[in-house]
Amino acid sequence: MKVIVVGPGAFGIKHLNGIKNIDGVEVVALVGRTPDKTQKVADEYGIAQTFTSLEEALKIEADAVILCTPTQQHAEQSILCMQAGKHVQVEIPLADSWADSEAVVKTQQETGLTCMVGHTRRFNPSHQWVNQKITAGELNIQQMDVQTYFFRRKNINAKGEARSWTDHLLWHHAAHTVDLFAYQAGSKIVKANAVQGPIHPELGIALDMSIQLQAENGAICTLSLSFNNDGPLGTFFRYICDNGTYIARYDDLEDGKGTVIDVSKVDVSMDGIELQDREFFSAIKEGREPNSSVGQVLACYKVLHDLEQQLNS
1 MKVIVVGPGA FGIKHLNGIK NIDGVEVVAL VGRTPDKTQK VADEYGIAQT FTSLEEALKI
61 EADAVILCTP TQQHAEQSIL CMQAGKHVQV EIPLADSWAD SEAVVKTQQE TGLTCMVGHT
121 RRFNPSHQWV NQKITAGELN IQQMDVQTYF FRRKNINAKG EARSWTDHLL WHHAAHTVDL
181 FAYQAGSKIV KANAVQGPIH PELGIALDMS IQLQAENGAI CTLSLSFNND GPLGTFFRYI
241 CDNGTYIARY DDLEDGKGTV IDVSKVDVSM DGIELQDREF FSAIKEGREP NSSVGQVLAC
301 YKVLHDLEQQ LNS
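Those letters in the sequence shown? Residues 1 to 313, by the numbering used here.
What follows is the structure in structure tokens.
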């Protein structure tokens, strides 16, 4: 299977590293904004072609595209790829508006192509372990307590490089938890509330936010997000269940008393991005809907839209 990767930044490289471990998949082109940086990454990963235009890249022979581009481009580029006959995996978030989210789903339905969104938490071994226990009837979530913390008072990416676009706590980082909560609870979100701190004068976004969620089955979620946190970075999930408490940190898991749980045998890799990519390519080959398809995650973006309306009212 031939794939085009768009975006040679921090997350594009994560996908390139994951794809190296997947048999039968070849990255045939890399698309980036700047020729020199794009070529440097392409040389490192043995990618034959580079482009600075997605439209030009879509003219070559390829089956699929992975989009690791600025949030504001996700919906438009996803639609462009499907209209060009390519399956697409777009990094989280799908879009930064409800209208754009609906437009992507409409295009997927019209084309019948695979369209998957990078909701990586569904694939991290730690969260898979919890999900397997829930599916087996051994656990039920009472509450998820989640902290998403970064120190990002300047417009930089995960590698400390200047960004050409602005990240967003609600449409990007909250999307991970809003989707994961409904997915793990196995129940749709019926209540959602949010408050946010002051708007940063330069970035134009709130650097602090608090969100409360409740699922139809009664489970609740408390989510704290900050770009002001001067400490360990990332997202930390506490699952408070009827039969135990578990703390997930990306691909690592421990119980509520700090005992490490071995999740190395949960799947074929400990890399959530690689597992996400494996699901994408497998779904294309098997002609089935992937886990984290655009249709499955759409409800998450309606919740984000409703929260944005609430915050702006």
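Glycine included, C-beta positions come from ideal geometry on N, C-alpha and C. Remember, it's a predicted structure, so these values are computed and weren't measured experimentally.
Residue i versus residue j - alpha carbon distance
i      : j      : result
Leu170 : Ile247 : 22 Å
Ile92  : His168 : 11 Å
Val104 : Ile13  : 25 Å
Asn229 : Lys59  : 44 Å
Gln128 : Ala162 : 34 Å
Pro198 : Ile205 : 8 Å
Val27  : Ser269 : 20 Å
Ser301 : Ala29  : Per the sequence shown, residue 301 should be read as Tyr rather than Ser. Rounded to the nearest angstrom, the two C-alpha atoms are 30 Å apart.
Val31  : Ala194 : 37 Å
Ile134 : Thr52  : 45 Å
Asp23  : Ala62  : 16 Å
His87  : His74  : 14 Å
Gly244 : Val266 : 19 Å
Gln108 : Ala192 : 28 Å
Tyr45  : Gly85  : 26 Å
Asp271 : Asn124 : 7 Å
His172 : Arg288 : 27 Å
Ile240 : Ser187 : 16 Å
Val117 : Asn291 : 9 Å
Gln89  : Asn17  : 16 Å
Ser101 : Glu308 : 14 Å
Gly9   : Arg33  : 10 Å
Glu254 : Leu139 : 15 Å
Pro201 : Asp277 : 38 Å
Glu279 : Gly258 : 31 Å
Glu76  : Ile284 : 21 Å
Under the three-state DSSP convention, the category residue i falls into
i      : result
Lys257 : coil
Thr38  : helix
Val266 : coil
Tyr246 : strand
Gly18  : helix
Thr69  : coil
Ala192 : strand
Asp277 : helix
Thr177 : helix
Ser187 : coil
Glu161 : coil
Glu26  : strand
Asn291 : coil
Gly272 : helix
Phe11  : helix
Ile205 : coil
Ser53  : coil
Asp230 : coil
Ala64  : strand
Leu58  : coil
Ala182 : helix
Glu306 : Residue identity differs from the one stated: residue 306 is Asp in this sequence, not Glu. Helix at Asp306.
Ala219 : coil
Lys154 : coil
Asp167 : coil
Asp43  : helix
Ser210 : strand
Ser313 : coil
Rounded distance between the beta-carbons of residue j and residue i, thought under 8 Å
i      : j      : result
Val297 : Leu80  : Their Cβ separation, rounded to whole angstroms, is 20 Å, which puts Val297 and Leu80 out of contact at 8 Å.
Met1   : Ala99  : Contact doesn't hold; Cβ gap of about 32 Å is too wide.
Asp262 : Ser126 : Not quite, the Cβ-Cβ distance comes to about 11 Å (not below 8 Å), so this is no contact.
Ile273 : Thr111 : The Cβ separation is near 25 Å, so there is no contact.
Ser224 : Leu207 : Rounded, the Cβ-Cβ distance is 12 Å, inconsistent with contact.
Met82  : Leu113 : 5 Å
Tyr149 : Gly256 : Not confirmed; about 20 Å, so no contact.
Ile141 : Val303 : Not quite, the Cβ-Cβ distance comes to about 17 Å (not below 8 Å), so this is no contact.
Val5   : His15  : 6 Å
Gln147 : Thr235 : 7 Å
Short CB-CB distance (under 9 Å) between residue i and chain D
i      : result
Lys154 : Of the protein chains in this structure there is only one, and it is not chain D.
(message) Quick check on the DSSP output: what are the complete alpha helix (DSSP H) runs of length 4 or more inside the segment 83 to 146, in order along the chain?
(response) 98 to 111 and 125 to 135
(message) When you compare the segment 67 to 81 with the segment 39 to 47, are there three or more beta-carbon pairs, one atom per stretch, that lie closer than 8 Å?
(response) no
(message) With three or more C-beta pairs closer than 8 Å as the rule, is the segment 285 to 300 touching the segment 178 to 194?
(response) yes
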